[in-house]
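Accompanying notes for the structure given below.
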Amino acid sequence: MRDLPCWIAVTIAGSEMGVWMSGSKLIHWSAVLGTAVMAIASWSASGSPVRAEDVIRFGAPLPLTGPLAPEGIKQQQGYDLWAEQANKAGGISVGGKKYKVEIVYADYQSSTPRAVQTTEQMITQDNINFLFGAFGSGAAKAASTVSEKYKVPTIAAAASSSQVYDQGYKYLFGTFTPNDTLTTPLTQIIKSKAPDVKKVAILARNDLFPLAIAQEMEKSAKANGLEVVYFEKYAIGTLDHSAALSQIKSLDPQWIFITGYINDLLLARKQMVDQELKAQVVTMIAGPAYQDFIESAGESAENVTSASWWHPAERYDGKDIFGSTENFVKLFHDKYKSDPDYGQASAAVCGALFQMAIERAGSLDRDKVRDELAKLDVVTFWGPVKFGPNGQINSLEPPVFQIQGSKPVVLFPLAIKQGELKLGVN
Amino acid sequence: MLAAQIIINALVLGCLYACIAIGFSLVWGVLNVINLIHGSIIVLGAYLAWGAYQSMAISPWYVLPVAVPVFFVFGYLLQRLLLNRVLHAPVLVTLTLTFGLDLILNNAMIYFFKADYRKLTLKPPMGSVSLFHVVVPVDRLIATVLALALTGLLYLLLRHSRIGRAIVAVRLDRDAAILMGVDVRSIYAIAFGIGAALAGCAGVLMALIFPISALTSSSYLDKAFVVCVLGGLGSVSGALAGGLLLALVEGIGSAAIGPAYATTLSFALLIVFLLFRPQGLLGRKGFE
Amino acid sequence: MKRANLALLIVLACLAALPLVGGAYALRLGTMACMYAILALSWNVVGGLAGYPSFATAAFFGFGAYATGVLLNAGLPLTVSILAALIGSFVLAGLLGAVLLRLRGHYFAIASLSLVGVLRELVNNATDLTGGGMGLNIPLASGSSIMADALFFFYGMWGLLLATALMVIAVSASKLGFGLVCIRQNETAANMIGLNATLYKSIAFGLSACFVAAAGGLYAAWVHYIDPSDVFDILYSVKPIVMTLMGGLGSPLGAACGAFLYLVLEEVVWRNYIQIHSGVLGVLIVALLLLLPHGLVSLRFRNFWRKAKHV
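Residue numbers (our numbering), protein chains in the order written: chain C, 192 to 617; chain Y, 476 to 763; chain S, 9 to 319.
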């Protein structure tokens, strides 16, 4: 069947040549365009590579260009590390036979429609066995409608909003807990360690994840009896926060909570220093979890608090291919010469979870692997992993941490606590 | 006190906006080309400053004299080799051509520098000065002064040099300039080169203030557009007036109705200006 | 009917046969091709015929997507929602056009460009209605099977494309089309001989917006989730222009084949160069403009164009 479209294209191209001779523009043009149309069809149908026998293919649609590119590249590092480790150990064993891991990457240019298209392309053209979800809640959600249609098990490495998982999908899993699991422990720690904190100011990027987490923060603050004196959004691509920060300064809050991506937070932190805006507690999500933030912000990062889904200081003794958290951090450091953050770790654990589920299923059958994923209840270097009925992980306790001496120090959970909350951000 | 602080912030920011827009305005005014590579050239300038500070600890101020000739040559060649070929084509063709060139330059920067955000952090930091509880950051202040000095230099160049007079002549009446014996092609290339040099310098100064990544180029371009229309096309004073107006509207707007609306407000203002005062605040005269 | 227009219809008929030869992914590309062609053909009405360099395509695409999304969420059926988006954007664009089309050249370009920004920020801030930056879910009961779904959206988009093509052909054959060409060549003169230029331009702007909005609406239903930065993406404004320039300014056939060619280029380049695809696309655009400044249609009429330029 696959040869049919090519044959049509060739025939039409042939007829085009004939028509050219006869000189009729009309038929000539329709023939040229017909060829083009058929060429798309034929080439998209014949683009699938020959499938090797002993390889498991994982599709990873990533935003490698566009605004989310820095995050996309981090995820790729995580996937690569896992694939390297899995292959070094001989591959994934399925019913006694070893299969090598191959990851198929594609760039969806930070655009949601492209993410959806890429997902379908990977399933239908690249013959991938399993999928990693697109980056972020919006793209992951949009792309999951495609993977669900094709019944391809998908683990989303970076989607936290519960709306993503509340669609009733069977084949979608995610390694981030809902957003409120970040803000609630944070608020409780501040509440107990800094009783003077009464007023909170919240400034949020008007974008899916940053806005969602800011709204959770507002709820947590109100639930804990704090007064939210300022809650505003700023537009994506804002170049200047000075007006908002001056206003916050005039309200004199003890706690300033700013959400955004690393560029927004670097700029906001710099302008806070410029405006001599000080507070007992300054929280930023999601920048401080990244080493780049700490390096770029320099001294101004000191005492900034944050929360994320994972931290290299955690100490779990996992049953996955990486084993302990320490071992994962070491392997990562050997390969990339830097410490992993939660984005890279989440990508790696997604691979490790697939590996476990496939080995337990003893088969590459998508439904069997899906069932094993749903049944998982294991400890990994990422933490205890158990997916809830909607597919979102519900076993994880996301850490709260603070930058102290240019190092992130874990404040919560108690089991891995490394230091006490320090007050005062200048 | 809050009002004074917000207005001071806006004035400083306005000068930076003017600095971002001025090269764009010159090219648009003289060549009648909307130069979509402008934003990427600014980012390239920022990378130059960042690289110099990171590898040799050279402060951005000392990078400026290097940036001027480097970016001038870059712009000159770009115009001579590529843009000149389609200069008489419809507006859309030149626009699309610069769009294509921007894709190339931007992708090249992402490829070589990665998309990660960098930040040029001076050690020790320069801090802020405060007067009657109004705080002004020193690095912004210096960048503002340098930006003003650059615009001043451009003004003098256009006003008093032979080449400058020729550029203004071409801007005012191309055909008459040709009749007077001005070599329009080379004036175009020189004007484009100056535009690129100004963009590069703006980038060097912005490196002190904004996080650096190829991904920010469109934000710079957006600001340049708005500033040009508000202030009036193709004049130094126009760019300055437009920058100040934009920054004031953004600052006051975001304090009064929330930062999320600041952008909406500036776009709405842009449309109002286009409709009722398309020549901008300061009218359309020669580029001086 | 002109031969080129007939050829356009034949091309569309060929496209309709795509499901015979391709699978679900080919249909997805086919749907994209139809969508791009709708944008390019629509842009051609105001940009090609009337000669106004409009960058407003993304504004109406996003408007249509959000109008349809909000109406679907309110429980209206898909066809009604899309029809409402179509009519709504025709009226909106007509009114805006009466005001904005007083501007010319670059000034009009910038005004239409900022329209995208204004609408995007309005949607971003109307959180109660549109979900703001959190995006909008579109609860469409999806069809039974993968192929049924793909076929539904492909033929939906194809139907819209056919309607757009018929509209464009009707316009170019009518008094309106003639008037628009007059406006492009000399607006002052056209006004002087009693042509109501404002009305003509408004109608043209409205027509160039309404099918774009309908395509946006169908697109929203297709992807189930939209957010402001995705549907008000400035690339939706730039791409139709590049496509039309590739195909040839002012010719509906050129616009449509430009759209298909662009899709093919985009797809091939994007597949083969993960890290540098946008740069390669840039090189292709620059090369096309320098080597083939009048688009694909000039391949055969090159001599004709050369002569025409000096008239």
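Ideal Cβ positions, reconstructed from N, Cα and C, are used throughout, including at glycine. Bear in mind that the values here come from a model prediction, so they are computed numbers and not experimental data.
Beta-bridge pairing by DSSP links ALA21 of chain S to no other residue. In chain order, SER411 place their CB closer than 7 Å to the CB of THR375 of chain C, counting only its own chain and leaving out the 5 sequence neighbours on each side. Residue range 574 to 577 is occupied by the beta strand (DSSP E) that includes PRO575 of chain C. For ALA134 of chain S, not one C-beta of chain C is nearer than 8 Å to its own C-beta. The alpha-carbon separation between VAL246 of chain C and LEU121 of chain S amounts to approximately 49 Å.
Identification of residues in the region 264 to 279 of chain C having a C-beta nearer than 8 Å to some C-beta of chain Y yields ILE264, given in sequence order. Taking ARG128 of chain S as reference, the option from C:GLY428, C:LYS265, C:TRP501 and C:SER351 with the minimal CA-CA separation is C:GLY428.
In the DSSP assignment, MET142 of chain S falls outside any beta strand (DSSP E), carrying neither H nor E. Note: TYR296 of chain C is bridge-paired with C:ALA251 in the DSSP secondary-structure output.
When the Cα atoms are used, ILE516 of chain Y and VAL548 of chain Y turn out to be separated by approximately 13 Å. At least 8 Å separates the CB of LEU394 of chain C from every CB of chain S. For VAL307 of chain C, the chain S residues whose C-beta falls within less than 7 Å of its own C-beta are VAL231, listed in chain order. Separation of THR336 of chain C and LYS361 of chain C (C-alpha to C-alpha, rounded to the nearest whole angstrom) is 11 Å. Non-local beta-carbon contacts of GLU339 of chain C in its own chain, meaning distances under 6 Å to residues more than five positions away in sequence, involve TYR360 and TYR362 in chain order. Rounded to whole angstroms, ALA735 of chain Y and ALA624 of chain Y show a C-alpha spacing of 33 Å. Between ALA325 of chain C and ALA306 of chain C, the beta carbon gap of about 4 Å places them in contact (Cβ cut-off 8 Å). For GLU129 of chain S, the neighbours in chain Y by C-beta distance under 7 Å run, in chain order, THR738, THR739 and PHE742. Going by DSSP, THR619 of chain Y is part of the alpha helix (DSSP H) stretching over 613 to 635. In the structure shown, GLN595 of chain C adopts extended strand secondary structure according to DSSP, grouped into three states.
For the pair of segments examined, the region 295 to 302 of chain C was found not to touch the region 277 to 286 of chain C: the number of CB pairs separated by less than 8 Å stays below three.
Annotation for THR345 of chain C: the continuous beta strand (DSSP E) segment containing it runs 345 to 347.
A Cβ of chain C is located within less than 8 Å of the beta carbon of GLY733 of chain Y. Here the alpha carbon of PRO599 of chain C sits roughly 28 Å from the alpha carbon of SER353 of chain C. The Cβ atoms of LEU80 of chain S and ALA221 of chain S lie no closer than 8 Å to each other.
Per DSSP, the unbroken alpha helix (DSSP H) holding SER237 of chain S starts and ends at 236 to 239. For MET475 of chain C, the enclosing beta strand (DSSP E) covers residues 472 to 476.
The C-beta of GLY141 of chain S comes closer than 8 Å to at least one C-beta of chain C. The CB of GLY575 of chain Y comes closer than 9 Å to the CB of VAL250, LEU289, GLY290, VAL291, LEU292, ILE293, VAL294, ALA295, LEU296 and LEU297 in chain S, given here in chain order.
Around the Cβ of ALA682 of chain Y, a 10 Å sphere holds 16 or more other Cβ atoms; the residue is buried.
Within the DSSP bridge table, the entry for PHE321 of chain C names C:PHE249 as partners. Using a Cβ-Cβ cut-off of 8 Å, GLY72 of chain S does not count as an interface residue toward chain C, since no Cβ of chain C sits closer than that to its own.
For SER530 of chain Y, the enclosing alpha helix (DSSP H) covers residues 513 to 531.
Taking every protein chain shown into account, the CB of HIS635 of chain Y has fewer than 16 other CB atoms within 10 angstroms, so this residue is exposed.
Boundaries of the beta strand (DSSP E) harbouring GLY365 of chain C: 363 to 365, taken from the DSSP string. Chain Y has no Cβ within less than 8 Å of the Cβ of GLY329 of chain C. Taking a cut-off of 8 Å on C-beta distances, the region 254 to 269 of chain S does not touch the region 96 to 105 of chain S, as fewer than three cross pairs fall below it.
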